[in-house]
Amino acid sequence: EAQVTQNPRYLITVTGKKLTVTCSQNMNHEYMSWYRQDPGLGLRQIYYSMNVEVTDKGDVPEGYKVSRKEKRNFPLILESPSPNQTSLYFCASSDAPGDEKLFFGSGTQLSVL
Amino acid sequence: TQLLEQSPQFLSIQEGENLTVYCNSSSVFSSLQWYRQEPGEGPVLLVTVVTGGEVKKLKRLTFQFGDARKDSSLHITAAQPGDTGLYLCAGRQTGANNLFFGTGTRLTVIP
Numbered sequence: 001e002a003q004v005t006q007n008p009r010y011l012i013t014v015t016g017k018k019l020t021v022t023c024s025q026n027m028n029h030e031y032m033s034w035y036r037q038d039p040g041l042g043l044r045q046i047y048y049s050m051n052v053e054v055t056d057k058g059d060v061p062e063g064y065k066v067s068r069k070e071k072r073n074f075p076l077i078l079e080s081p082s083p084n085q086t087s088l089y090f091c092a093s094s095d096a097p098g099d100e101k102l103f104f105g106s107g108t109q110l111s112v113l
Numbered sequence: 114t115q116l117l118e119q120s121p122q123f124l125s126i127q128e129g130e131n132l133t134v135y136c137n138s139s140s141v142f143s144s145l146q147w148y149r150q151e152p153g154e155g156p157v158l159l160v161t162v163v164t165g166g167e168v169k170k171l172k173r174l175t176f177q178f179g180d181a182r183k184d185s186s187l188h189i190t191a192a193q194p195g196d197t198g199l200y201l202c203a204g205r206q207t208g209a210n211n212l213f214f215g216t217g218t219r220l221t222v223i224p
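Protein sequence lines, in the order shown, are assigned to chains A and B.
The numbers in this note's numbering rise by one with no breaks, and the one at position 41 of the first sequence is 41.
The numbers in this note's numbering rise by one with no breaks, and the one at position 91 of the second sequence is 204.
Written out as structure tokens, the structure reads:
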């Protein structure tokens, strides 16, 4: 089954404790992206990747890092999480960054205390 | 600053009623997409429109792209409880890699 898998689904952590949210897709998609979703703000892009070893900042990249060492994986790293990073995070992938369909994971609800 | 504003933000209607959700911007988009998101899941693409004035239908849902490609609307006829969810518009500007998402409309259809 074609899917984007994020882990974990729920995560509660404390300020400053490094964490990684994993994202994997099995559709051989070139394009992958991370979004955060906050009430009243819709989805805002954090980082995206056009292909392996190619990443770029989205609209809200501060406090986040990503890597794309393999085509299927695109982890999101929070080196020193802060409470304002409490949010619902989504990973997405598509065949190309043009008008192609974006496939989303089921989301990771992160709470930073 | 939000590139895409959706209205209304919340909408609660009775089963069988019609409704329209709007997605507006001052910017021009090369394409615009509509997604529906259910609780605990990621957004799922409903439709993509690319031509100014284009109208697409998906069963009881009608999507329209504005003539100037700055706005879009989603009309649902005879809403059903299964239509309940968060509706998001998303636009892509010419030459851009980013997809900008709207603020969302949360629809509740009461049986």
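In this text, a Cβ means the ideal position worked out from N, Cα and C, and glycines have one as well.
Here the structure is a predicted model, which is why all the values come from computation and not from measurement.
| message | Taking beta-carbon pairs under 9 Å, can you tell me which members of the stretch 149–162 of chain B lie near chain C? | response | In the structure shown, chain C cannot be found, because the protein chains are A and B.
| said: Buried or exposed for residue 76/A, going by 16 or more other Cβ atoms inside 10 Å? | reply: buried
| said: According to DSSP, simplified to helix, strand and coil, what is residue 95/A? | reply: coil
| field | Whole-number beta carbon distance between residue 93/A and residue 32/A, since they are thought to touch under 8 Å | value | 5 Å
| So what does DSSP say about residue 195/B, is it helix, strand or coil? | helix
| Beta-carbon neighbours of residue 215/B, restricted to chain A and to distances below 8 Å | 42
| Which one of 203/B, 157/B, 193/B and 118/B has the shortest CA to CA distance from residue 172/B? | 193/B
| query | Any idea which residues DSSP pairs residue 110/A with across the strands? | reply | 11/A and 87/A
| message | Could you check whether the Cβ of residue 210/B sits closer than 8 Å to any Cβ belonging to chain A? | response | yes
| request: Provide the residue(s) that pair with residue 73/A in DSSP beta bridges, ordered along the chain. | output: 24/A
| said: At the 8 Å Cβ level, is residue 201/B part of the contact set with chain A, yes or no? | reply: yes
| task | Assign residue 185/B to buried or exposed, taking buried as 16 or more other Cβ atoms, counted over all protein chains shown, within 10 Å of its Cβ. | result | buried
| message | For residue 198/B and residue 191/B, I'd like the C-alpha separation in whole angstroms. | response | 15 Å
| task | Jot down the residue ranges of each uninterrupted beta strand (DSSP E) in the stretch 147–186 of chain B, minimum 3 residues, whole runs only, in chain order. | result | 157–162, 168–171 and 174–178
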